[in-house]
Amino acid sequence: MNSSFFSRRVFMIQALGVAGAGAALSESALAALPVKHLEETDETAVALGYKHDTTKVDSAKFPKHQPSQRCADCGFFQGAAGDEWAGCAMFGRKQIHANGWCNAWVKKPA
């Protein structure tokens, strides 16, 4: 076997090690970021009519709203049952309240 074969093998092993370390660092760095709760004044929240409390939604402005609709029951809610705050596909890395509501609400599949 020639030396270029070993050089490529060493390079690939080192590259995989660096990539693996980078992925682990990224995960731990993301986990260390503080959790941000979505503010009702956030630009996207205002556009979607988000409220932390579904009973505070202006039904005249959002006629499809029903008081029984809560973020925890929405298909975009990324938390587990019982989570008070969790991620939402509509709001990026910001967390929403389980009792909240926005105009993107869609019933969670059974």
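Letter by letter, the sequence shown follows residues -31 to -1, 1 to 79 in mature numbering (1 follows the signal peptide of the UniProt record, and there is no 0). The beta carbon of each residue, even a glycine, is placed where N, CA and C say it ideally should be.
- For Ala55, the uninterrupted beta strand (DSSP E) run begins and ends at 54 to 56, by DSSP.
- Counting along the chain, the unbroken beta strand (DSSP E) around Gln64 starts and ends at 63 to 66.
- Between Lys76 and Asp42, the gap from beta carbon to beta carbon is short of 8 angstroms.
- Counting C-beta atoms within 10 angstroms of its own C-beta, Ala67 has 16 or more neighbours from the protein chains shown and is therefore classed as buried.
- Where Thr13 is concerned, the enclosing alpha helix (DSSP H) starts and stops at 12 to 17.
- Taking the Cβ atoms as the reference, Gln38 lies roughly 6 angstroms from Trp70, within the contact range of under 8 angstroms.
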